[in-house]
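Q: Each residue of the sequence shown is one higher than the one before, starting from 144 at the first, in the numbering used here.
Would you mind keeping the following structure in view while I ask a few things?
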Amino acid sequence: MLKLGVNIDHITTLREARYRGLPNGEPDLQAAVRICEKAGAYGITAHLREDRRHIQDRDLKMLREVVSIRLNMEMANTEEMIRIALGLKPEIVCIVPENREEVTTEGGLNVVGQLSSIRETVNQMKEAGIETSLFIDPDPDQIQACADSGAEFIELHTGAFCERFKTGDFEGEFIRLQKAAIAAHEQGILVNAGHGLDYDNLKQIHEVPHLIELNIGHSIICRSIFTGLEKAVKEMLVLMQGYGD
Ligand code: PXP
Numbered sequence: 144m145l146k147l148g149v150n151i152d153h154i155t156t157l158r159e160a161r162y163r164g165l166p167n168g169e170p171d172l173q174a175a176v177r178i179c180e181k182a183g184a185y186g187i188t189a190h191l192r193e194d195r196r197h198i199q200d201r202d203l204k205m206l207r208e209v210v211s212i213r214l215n216m217e218m219a220n221t222e223e224m225i226r227i228a229l230g231l232k233p234e235i236v237c238i239v240p241e242n243r244e245e246v247t248t249e250g251g252l253n254v255v256g257q258l259s260s261i262r263e264t265v266n267q268m269k270e271a272g273i274e275t276s277l278f279i280d281p282d283p284d285q286i287q288a289c290a291d292s293g294a295e296f297i298e299l300h301t302g303a304f305c306e307r308f309k310t311g312d313f314e315g316e317f318i319r320l321q322k323a324a325i326a327a328h329e330q331g332i333l334v335n336a337g338h339g340l341d342y343d344n345l346k347q348i349h350e351v352p353h354l355i356e357l358n359i360g361h362s363i364i365c366r367s368i369f370t371g372l373e374k375a376v377k378e379m380l381v382l383m384q385g386y387g388d
């Protein structure tokens, strides 16, 4: 069964748009987490960015206390974030590249170019009982480097595929995803995927083998404005059903 990690950053993007610098405000993140759990999510994903543009440090602490499913902390491979993750002990961290100018995470992590530092982070997480996922483009060299790093998971960046899906001309990007999933599986790496996934392109993702978990945020939160969060999560879960059958 394909599992759903709900990326809840967008809830705090909305809150910070009105309540930045204040200790609380709406929408209430804790209430959102409860609804995602009730609707059947497998995990809650939150990205603590260096600029704290959405998730705040206090949000992560609260999440660690209230999330009863799997907590996935997305983070850059920096000393500050490593320290926070080791203190927080999420079940898993997902290491992502981070660029101050970007609206959202744009490209995959260059594991090839920083293998020794990533390997060190993976080892620190392992010692603390935290699994590590590496968010990468579907590229064979990156997959080999992920295997060399000792990370348990990769998360395949589906952004390029999702962009092309809107134009109908997605075959090339889609084949890259399929090949990457197969290559990672052959290396013994567990495979997640995410970025840009929505209620339309999800059906195509069923044709990518070896997937364990999808991390989805924007499309679910957008739909929730009209349907409510519980229904938006449940509708995504329905679309995920039947994977691998
Ligand atoms: N996975 C990673 C590593 C991400 O950075 C993001 C975006 O925050 C997502 C998944 C979710 O992407 P989206 O919000 O487009 O569903």
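In this text, a Cβ means the ideal position worked out from N, Cα and C, and glycines have one as well.
Cβ of Met218 within 8 Å of Cβ of Leu191?
A: yes
Q: So, with DSSP's three-state summary, where would you put Phe308?
A: helix
Q: Near Ala324, what residues of its chain come up, given a Cβ to Cβ distance below 6 Å and the 5 sequence neighbours on each side ignored?
A: Val334, Val351, Pro352 and His353
Q: Assuming Ile235 and Ser260 make a contact with CB atoms under 8 Å, what is their CB distance in whole Å?
A: 19 Å between Cβ atoms; not a contact.
Q: Would you mind reading off the limits of the alpha helix (DSSP H) that contains His349?
A: Counting along the chain, His349 falls outside any alpha helix (DSSP H), and DSSP gives it neither H nor E.
Q: Taking just the CA atoms, how far does Glu169 sit from Gln330?
A: 44 Å
Q: Comparing C-alpha positions only, which one of Met379, Leu157 and Tyr162 sits nearest to His349?
A: Met379
Q: Closer than 7 Å to a non-hydrogen atom of ligand 1 - does that hold for the CB of Leu128?
A: The chain is shown from 144 up to 388; residue 128 falls before or after that span and cannot be answered.
Q: Mind checking whether Thr221 and Glu193 have CB atoms under 8 Å apart?
A: Closer than 8 Å, so yes.
Q: Tell me whether the beta-carbon of Ala290 lies closer than 8 Å to the beta-carbon of Ile355.
A: no
Q: Helix or strand or just coil, what does DSSP make of Thr264?
A: DSSP places Thr264 in helix when its eight states are reduced to three.
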